[in-house]
Each structure stands twice: as structure tokens, then as C-alpha cells.
Amino acid sequence: MSRALLVIDIQNDYFAGGVLPLHQAEDVEARVVAAIGEARQAGERVILVRHVSTAPAGLFAAGGSGNAIRPAVLAAAGEVPIVVKQVADAFQDTDLSAHLEGVTELLVCGMMTQNCVVFTAMSRAADPFDVTVIGDLCAAPTEMVHKIALNALGSKLRIADSADTRG
């Protein structure tokens, strides 16, 4: 079995000073950085996703620094594929599937739980994979929105904490 950790949209606009700071974004980022390190040490694939908007201003605007993946995530990941997307589903109109050839288990984490994480994890293009959303490695605008999204996803997919995905 081959596993991949898919890290969605850990970008500047979701942190203090950005367009849409999320609940406990810094804490989630630290846990994601640790999970990337564990995945790399285990020889698992890591793929980063970066949302870039076509809008001239606002969230993830192409010309701004808000769409940049956080430096700590980039440093932890090293030389891994970065999939650039323009919609919530990281599979839609991207080359993500090509980076997942040979993968059977897909661990999904990132920002925002109720949007890009949900749409990617439930994408029809994710059907060939055993998908698990790692709840403590995701963030949303509020804790309540995060919990509601995970609860809803739990009726369709496996939800786990990062501690439950190792070993």
C-alpha cells in the first residue's frame, strides 16, 4: 500500500494579517509541518496544493503575497510537487491525479475544512483512493464550522486525528 499526504492551501491569506485568518491557523500549521516530516521520514509521498485566484485582488490574488504557501510548510516538504488550483476541488483542472499514480491511501489535510478539504476529499477523482481526512490538521474560519464540516464528512469518509494515522 502506498500513501500520500495531500496538504491543501496552507497559505498566507489564512493567517494573521491575511485576507481571511482562520481559527487556530498557527497551531494547525505546526501540526501539519510535523506530519509532513513524519510522512517524509516514512517514505510517503507529500503533495502541496496552492490556490491562486484569477481575481485582481482579494483572497489568493495572483499578484499578492497572500497566495504563497507558508515558509515552514515549504521547508518541511522540501522538493515535492505543488499543484496549483483555481477552485475548491484540488483535482479539478489540475495535474493532481498524475502525482498520485500508484497511491492507494490518500491522507487529506489543510484549509479550509468546509470548502477545499471537503470538495477535494469527496471529489469523484478521489474515488480510486482510500481517503482519510485528518481532522486535527485542518482549519476553518471558526471552531464550530470546522466541527460541523468534519461531522458531515464523517458520514461519507474516514476522519482521523494525526496520531491515528501513524504506525
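Here our numbering = 1-based position in the sequence shown + 836.
All residues carry an ideal CB built from backbone N, CA and C; glycine is no exception.
Starting from residue i and walking both ways along the alpha helix (DSSP H), at which residues does that stretch end?
i, result
"G873", "A861 to Q877"
Kindly indicate which three-state DSSP category residue i falls into: helix, strand or coil?
i, result
"R881", "strand"
"R839", "strand"
"A852", "coil"
"L858", "coil"
For residue i and residue j, I'd like the C-alpha separation in whole angstroms.
i, j, result
"E937", "V864", "28 Å"
"I984", "S991", "12 Å"
"A996", "T968", "7 Å"
"Q860", "L841", "21 Å"
"L989", "I918", "25 Å"
"A912", "R867", "11 Å"
"V855", "G873", "28 Å"
"R876", "R960", "27 Å"
"E947", "T930", "The question names Glu, yet the displayed sequence has Met at residue 947. Cα to Cα, the separation comes out at about 18 Å."
"P964", "T940", "7 Å"
"A904", "Q847", "5 Å"
"Q833", "A999", "What the structure shows of the chain is the stretch from 837 to 1003, and residue 833 is not part of that stretch, so it cannot be assessed."
"R994", "L943", "10 Å"
"R881", "F927", "17 Å"
"S901", "T978", "23 Å"
Starting from residue i, follow its DSSP beta bridges and name the residues at the other end.
i, result
"D982", "Looking at the sequence shown, residue 982 is not Asp but His. DSSP output for H982 lists no bridge partner at all."
"A996", "I970"
"I846", "BP columns for I846 are empty, so no partner."
"R886", "V920"
Give the range of the beta strand (DSSP E) segment to which residue i is assigned.
i, result
"I1005", "The question about residue 1005 has no answer, for the chain in this structure spans 837 to 1003."
Which runs of the beta strand (DSSP E), 3 residues or longer, sit entirely within the segment 890 to 960?
DSSP runs (the beta strand (DSSP E)) wholly in the segment 890 to 960: 918 to 921 and 941 to 947.
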